[in-house]
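The structure under discussion appears below in the form of structure tokens.
Residue numbers (this note's numbering), protein chains in the order written: chain U, 573 to 914; chain W, 73 to 140.
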């Protein structure tokens, strides 16, 4: 590479005025092109290409306490506007979605709170957010009844976590709910670590109360062909990862199983690669597994997702404009096909 | 004579089976729920299966305060 090529692009400095929109600021980040700002602007470009590509299935992998931190309606709106085709999430995020759907709330707190005092007041802490214990208890009571109802409706048939999510969404009467939005738009929501959340404890209540008879049954493996076939039947696949963990690995493993690798990847995380854990692993490492194509459009943004996630989505929504309509049918067709085979 | 600590007095609000429900007046009793009984009971009530909670909370004091 020649010296003129190395030094070909100057850093443009950010200029602020009182009328800047989110996307205008992001485009200034692109012009400065540096550090985290440069990566966020690249993430916006890649997510925009993913969404505009109607042959791409967009997977949103959601880990970390995004719903308690105020990202609930953002995710529900993304689903309703078809800006994601498949959601893979921790059970916990959907538990917190359901808590709000049945009337509970999350409260602003402080990370320096005395946790012994919180304990004495039956208040749980998620960094600087507080959740009252009674909101979990009310959820337990309502969902234990819903589990009974779902068990009766399905008469011993085992559900995948995706079917479980839709069954819950059907019973939650809240437009802002992620689960409700997914049910209404028939967007698959996979929860590969479903039992590692309050949903698991509620199962214990449901089962114990009913003497371990007439139980709701969720089959952890039933979703595997669902997500792999969605990936296989989609001409291209992209992932938008918040955090990492089990949701990120579930999407990547589906891509690996199809032997095709992902075409697009945006990751927002604060984890580091040195531990060997998945959440901090670089996208180059993902290429080595064949889970991501070597030539894939990709970026890892090292940032607090409560800042970067809404910025990226807001910027892309602004670029797409009000009239933008996205139509993808792959996930729906795959699930209909699997349904017919059963 | 020293006043008895509320943790040693028998109340649903300091039993191992309680969780907050309608704080501070009512608690959720896991044991009653699993027995098919109404699980919502008054914080200052107790039943024969009462077990002392190892880690105290403020339910009793706050329920008494509310009662005044």
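Glycine included, C-beta positions come from ideal geometry on N, C-alpha and C. Note that the structure is predicted; figures quoted are calculated from it, not measured.
*Applying a beta-carbon distance threshold of less than 7 Å, which residues of chain W neighbour residue 777(U)?*
Here residue 777(U) refers to the residue found at position 205 of the first chain. Those within 7 Å of residue 777(U) in chain W are 105.
Taking the CB atoms as reference points, tell me whether residue 720(U) and residue 777(U) lie closer together than 8 Å. For this step, residue 720(U) is matched to residue 148 along the first chain. For this step, residue 777(U) is matched to residue 205 along the first chain. No. Outside cutoff.
Going along chain U in order, which residues have a C-beta closer than 7 Å to the C-beta of residue 130(W)? By one-based count along the second chain, residue 130(W) stands at place 58. By Cβ distance, chain U contributes 692 and 693.
Run of the alpha helix (DSSP H) containing residue 668(U), from where it starts to where it stops: Residue 668(U) sits at position 96 when you count from the first residue of the first chain. Looking at the DSSP string, the run of the alpha helix (DSSP H) that includes residue 668(U) is 663-673.
*Residues of the stretch 78-95 of chain W whose Cβ lies closer than 8 Å to any Cβ of chain U, in chain order*: 91, 92, 93, 94 and 95
* Do we get a CB-CB distance below 8 Å when we pair residue 138(W) with the residues of chain U? -> What you label residue 138(W) is simply residue 66 of the second chain in a count that begins at 1. Not closer than 8 Å to any Cβ of chain U, the Cβ of residue 138(W) fails to qualify, so no.
query = By DSSP, does residue 819(U) sit in helix, in strand, or in coil?
reply = Counting from one through the first chain, the residue named residue 819(U) turns up at place 247. The answer is helix: DSSP assigns residue 819(U) an H, G or I state.
Practice task
Look at residue 94(W) and residue 890(U) and say whether their C-beta atoms are less than 8 Å apart.
Solution key: Numbered from its first residue, the second chain carries residue 94(W) at position 22. Numbered from its first residue, the first chain carries residue 890(U) at position 318. Result no, Cβ atoms of residue 94(W) and residue 890(U) do not sit closer than 8 Å.
Between the stretch 82-101 of chain W and the stretch 648-655 of chain U, do three or more beta carbon pairs fall short of 8 Å?
no
Practice prompt. Can you pull the chain W residues whose beta carbon is under 9 Å from the beta carbon of residue 627(U), in chain order?
Written response: As a first step, residue 627(U) must be located in the first chain, where it is residue number 55. Per Cβ cutoff of 9 Å: no residues; residue 627(U) is ~50 Å from chain W at best.
Closest Cα partner of residue 742(U) within the set 759(U), 899(U) and 807(U) = Against the first chain, residue 742(U) aligns to sequence position 170. Of the listed residues, the one whose Cα sits closest to residue 742(U) is 759(U).
Determine the chain W residues that contact residue 780(U) at a beta-carbon separation under 9 Å, and present them in chain order.
In the first chain, counting from the first residue as 1, residue 780(U) sits at position 208. Going along chain W in sequence order, the residues near residue 780(U) (Cβ under 9 Å) are 105 and 106.
Original post:
Alpha carbon to alpha carbon, what distance is there between residue 702(U) and residue 110(W)?
Top reply: Looking up residue 110(W) in the second chain gives position 38. Looking up residue 702(U) in the first chain gives position 130. Cα-Cα distance, rounded: 28 Å.
Open item on the list: Rounding to the nearest angstrom, what Cα-Cα distance links residue 846(U) and residue 837(U) in this structure?
Closed with: Position 274 of the first chain, counted from the first residue, corresponds to residue 846(U). Position 265 of the first chain, counted from the first residue, corresponds to residue 837(U). Going from the Cα of residue 846(U) to the Cα of residue 837(U) covers about 21 Å.
With 16 other CB atoms within 10 Å as the buried threshold, where does residue 84(W) fall? In the second chain, residue 84(W) corresponds to position 12, counting from 1. Flag for residue 84(W) reads buried.
Could you name the residues of the stretch 627-643 of chain U whose beta carbon sits closer than 7 Å to any beta carbon of chain W, in the order they occur along the chain? none
**Prompt:** Roughly how far, in whole angstroms, is the beta-carbon of residue 623(U) from the beta-carbon of residue 655(U), given that I think they are within contact range, below 8 Å?
**Reply:** Start at 1 with the first residue of the first chain, and residue 623(U) comes out as number 51. Start at 1 with the first residue of the first chain, and residue 655(U) comes out as number 83. Rounded, the Cβ-Cβ distance is 6 Å, consistent with contact.
request  = Just mark residue 807(U) as buried or exposed, buried being the case when its beta carbon has 16 or more other beta carbons within 10 Å.
outcome  = Residue numbering aside, residue 807(U) sits at position 235 when the first chain is read from its first letter. Burial call: exposed.
ask   = Taking the C-alpha atoms as reference points, what is the distance between residue 854(U) and residue 592(U)?
value = Position 282 of the first chain, counted from the start, is the residue given in the question as residue 854(U). Position 20 of the first chain, counted from the start, is the residue given in the question as residue 592(U). Answer to the nearest angstrom: the Cα atoms are 33 Å apart.
Can you tell me where the beta strand (DSSP E) with residue 834(U) in it begins and where it stops?
For the purposes of this step, residue 834(U) is identified with residue 262 of the first chain, where counting begins at 1. 834-841 is the span of the beta strand (DSSP E), which, as asked, contains residue 834(U).
Output needed for residue 121(W): all residues of its chain with C-beta closer than 7 Å, excluding positions within five of it in sequence on either side, in chain order. Mapped onto the second chain, residue 121(W) falls at position 49. Here the set comprises 103.
* **Which listed residue (684(U), 640(U) and 579(U)) has its alpha carbon closest to that of residue 669(U)** => In the first chain, the residue the question calls residue 669(U) occupies position 97. Of 684(U), 640(U) and 579(U), the residue nearest in Cα terms is 640(U).
Quiz item: Name the DSSP bridge partner or partners of residue 704(U)?
Solution: Residue 704(U) sits at position 132 when you count from the first residue of the first chain. Looking at the DSSP assignment, residue 704(U) forms a beta bridge with 695(U).
Are residue 600(U) and residue 586(U) closer than 8 Å when you measure CB to CB?
In the first chain, counting from the first residue as 1, residue 600(U) sits at position 28. In the first chain, counting from the first residue as 1, residue 586(U) sits at position 14. In contact: residue 600(U) and residue 586(U) (Cβ atoms closer than 8 Å).
* Where residue 860(U) and residue 814(U) are concerned, what is the direct C-alpha to C-alpha distance, given to the nearest angstrom? -> The count along the first chain starts at 1 and reaches residue 860(U) at position 288. The count along the first chain starts at 1 and reaches residue 814(U) at position 242. C-alpha separation (whole angstroms): 21 Å.
* Contacts that residue 735(U) makes with chain W (C-beta to C-beta distance below 9 Å) -> In the first chain, residue 735(U) corresponds to position 163, counting from 1. Under the 9 Å cutoff, chain W gives no residues; its nearest Cβ is about 27 Å from residue 735(U).
* Proximity of residue 820(U) and residue 769(U) at Cβ, strictly below 8 Å -> As a working note, residue 820(U) is residue 248 in the first chain. As a working note, residue 769(U) is residue 197 in the first chain. It is not a contact, given that the beta carbons lie outside the stated cut-off.
| Own chain, CB closer than 6 Å to residue 117(W), minus 5 neighbours either side, in chain order | Counting from 1 along the second chain, the entry for residue 117(W) is found at position 45. Closer than 6 Å at the Cβ level, and outside the excluded window around residue 117(W), lie 84.
Taking DSSP's pairing of strands, which residues face residue 629(U) in a bridge?
Position 57 of the first chain holds residue 629(U). Answer is 809(U).
### Message
Suppose contacts are defined by Cβ-Cβ distances below 8 Å. Is residue 803(U) in contact with residue 822(U) by that definition?
### Response
As a position in the first chain, residue 803(U) is number 231, starting the count at 1. As a position in the first chain, residue 822(U) is number 250, starting the count at 1. Taking 8 Å as the Cβ cut-off, residue 803(U) and residue 822(U) do not qualify as a contacting pair.
Checklist entry - Among 874(U), 856(U) and 875(U), which residue has its Cα nearest to the Cα of residue 868(U)? => result Within the first chain, numbered from 1, the residue matching residue 868(U) stands at position 296. Looking at the Cα atoms, 856(U) is the closest of the given residues.
- Query: Would residue 733(U) pass as a contact of residue 764(U) if the rule is Cβ separation under 8 Å?
  - Reply: Reading the first chain from its first residue, position 161 is the one you call residue 733(U). Reading the first chain from its first residue, position 192 is the one you call residue 764(U). Yes, Cβ-Cβ distance for residue 733(U) and residue 764(U) is below 8 Å.
Check your understanding: Among the residues of its own chain, which have a CB less than 8 Å from the CB of residue 757(U), if the five just before and after it don't count?
Key -> Here the question's residue 757(U) lines up with position 185 in the first chain. Correct list, in chain order: 651, 652 and 654.
Got a sec? Which residues, its chain only, sit under 8 Å from residue 81(W) by beta carbon, not counting five neighbours each side? As a first step, residue 81(W) must be located in the second chain, where it is residue number 9. Cβ within range, chain order: 132.
Starting from residue 579(U), trace the beta strand (DSSP E) in both directions and tell me its first and last residue. Here residue 579(U) corresponds to residue number 7 of the first chain, with the count starting at 1. Note, residue 579(U): premise wrong, no beta strand (DSSP E); not H, not E.
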